[in-house]
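Below is one structure, written out as structure tokens; comments come after it.
Residue numbers (my numbering): 120 to 463.
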């Protein structure tokens with residue numbers, strides 16, 4: 120994608136432009152401004168805060184709660200997006216803005232109500248979700264890249280990825296840990312029904328590759344492909360193309376396929392990625408938890424999330440020839456790393 124100009128503020132925070140023309144901060148999980156503590160105490164604190172809020176909300180009559188939400192929606196773009204989602208899911212840019220954190224919001228997402236939304240405990244856990252997926256990719260792809268030819272390209276396939284900041288942050292983390300492994304052509308393939316997220320993602324990538332940026336000097340390109348995960352033939356074709364070129368391939372789907380897709384869509388997409396053992400080297404993504412707290416949260420909104428949990432997800436992965444190799448929890452979701460199951 121052709122990026123547009125992306126300014127950088129004096130305090131070192133990089134900005135990129137959305138299709139609507141707004142400049143938003145670019146999340147870099149190695150920066151204290153954006154990093155979320157990944158420890159049991161933080162997660163437990165978010166859970167306790169959410170449950171306390173849930174108890175207060177239950178005492179409010181439904182018609183009054185409805186009035187409160189309508190009033191909040193008039194004051195907040197984030198509230199409008201959350202309670203009136205298109206097609207049953209939150210759009211990529213609104214999801215991204217929530218991951219910025221309350222202290223990093225900028226116009227037109229910086230009203231007091233927007234800040235309350237961004238500071239909510241379950242939104243903090245959404246931020247952690249992306250951070251965990253980025254770490255899973257960065258930490259687990261090291262051996263694959265080290266074993267590959269030095270000239271082998273790297274292909275990061277992001278299904279339902281919006282701006283694909285999990286893929287971008289995986290590269291930032293890998294640049295810090297093993298910069299020698301990134302001296303190759305790198306492609307981030309965003310497979311998404313909407314181009315808006317990838318438009319911003321391409322601008323964010325261009326800004327991060329600018330002089331003194333965390334990805335400066337690297338050969339990285341982002342490509343958006345219109346994609347319906349119920350028709351995975353295009354994904355299979357892409358994997359075949361990249362595999363034939365000798366690429367190291369990794370895939371991710373943070374807040375997308377494994378949370379919203381049907382069982383059949385998950386299996387068929389994983390099968391397309393597997394390509395009979397010749398395709399993807401690893402898959403990372405988020406799986407909605409199946410506990411009662413999460414079910415109540417989903418019921419309050421209009422999202423078409425499927426709370427299947429690891430117990431419901433693992434058999435689908437196995438059916439497609441993958442095993443769950445690692446799990447990181449963020450309470451509202453479990454972040455999984457999948458590897459090919461070579462025992463099959």
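Glycine included, each C-beta is placed from N, C-alpha and C at the ideal position.
Would you kindly work out how many angstroms separate the C-alpha atoms of residue i and residue j, rounded to a whole number?
{"i": "residue 437", "j": "residue 460", "result": "8 Å"}
{"i": "residue 215", "j": "residue 389", "result": "25 Å"}
{"i": "residue 332", "j": "residue 225", "result": "21 Å"}
{"i": "residue 195", "j": "residue 212", "result": "14 Å"}
{"i": "residue 137", "j": "residue 317", "result": "9 Å"}
{"i": "residue 320", "j": "residue 133", "result": "12 Å"}
{"i": "residue 273", "j": "residue 361", "result": "9 Å"}
{"i": "residue 315", "j": "residue 345", "result": "11 Å"}
{"i": "residue 446", "j": "residue 254", "result": "12 Å"}
{"i": "residue 236", "j": "residue 227", "result": "14 Å"}
{"i": "residue 287", "j": "residue 336", "result": "14 Å"}
Is the separation between the beta-carbon of residue i and that of residue j shorter than 8 Å?
{"i": "residue 252", "j": "residue 285", "result": "yes"}
{"i": "residue 221", "j": "residue 200", "result": "no"}
{"i": "residue 386", "j": "residue 435", "result": "yes"}
{"i": "residue 135", "j": "residue 283", "result": "no"}
{"i": "residue 305", "j": "residue 290", "result": "yes"}
{"i": "residue 265", "j": "residue 300", "result": "yes"}
{"i": "residue 312", "j": "residue 343", "result": "no"}
{"i": "residue 223", "j": "residue 151", "result": "no"}
{"i": "residue 375", "j": "residue 440", "result": "no"}
Might you give, ordered along the chain, the residues of its own chain that have their beta carbon closer than 7 Å to the beta carbon of residue i, omitting 5 neighbours on each side?
{"i": "residue 406", "result": "377, 378, 427, 428, 429, 432, 452, 453 and 455"}
{"i": "residue 358", "result": "368, 391, 392, 394, 398 and 399"}
{"i": "residue 249", "result": "218, 284, 285 and 373"}
{"i": "residue 131", "result": "none"}
Leaving aside the five residues before and after residue i along the sequence, list all residues of the same chain whose C-beta is less than 8 Å from its C-beta, in chain order.
{"i": "residue 409", "result": "426, 427, 428, 430 and 431"}
{"i": "residue 261", "result": "293, 296, 297 and 300"}
{"i": "residue 351", "result": "384, 387, 388, 390 and 391"}
By the DSSP assignment, the beta strand (DSSP E) with residue i in it spans what residues?
{"i": "residue 459", "result": "452-459"}
{"i": "residue 230", "result": "No beta strand (DSSP E) contains residue 230, which DSSP labels as neither H nor E."}
{"i": "residue 382", "result": "Note, residue 382: premise wrong, no beta strand (DSSP E); alpha helix (DSSP H) at 382-393."}
{"i": "residue 376", "result": "Taken as a continuous stretch (DSSP letters only), residue 376 belongs to no beta strand (DSSP E), being part of the alpha helix (DSSP H) at 376-379."}
{"i": "residue 409", "result": "From DSSP, residue 409 is part of no beta strand (DSSP E); its letter is neither H nor E."}
Grab me the residues of residue i's own chain with a C-beta within less than 6 Å of its C-beta, minus the 5 sequence neighbours each way, in chain order.
{"i": "residue 450", "result": "162, 166 and 244"}
{"i": "residue 382", "result": "435"}
{"i": "residue 184", "result": "Low local confidence applies: a pLDDT of 48 at residue 184 is under 50, so the model's placement there is unreliable, with the coordinate-based value given in what follows. There are no such residues."}
{"i": "residue 257", "result": "289, 292 and 293"}
{"i": "residue 155", "result": "246, 247 and 250"}
Residue i lies in the alpha helix (DSSP H); which residues open and close that run?
{"i": "residue 200", "result": "196-202"}
{"i": "residue 211", "result": "211-217"}
Legend entry - Ranges of the alpha helix (DSSP H) found wholly within the segment 418-444, counting only runs of at least 4: 428-438
Legend entry - Ordered list of alpha helix (DSSP H) runs contained in the segment 243-312, each at least 4 residues: 261-266 and 284-296
Inset, instruction - Starting from the N-terminal side, write out each stretch of the beta strand (DSSP E) that is 3 residues or longer and does not extend beyond the segment 312-366. - result: 339-345
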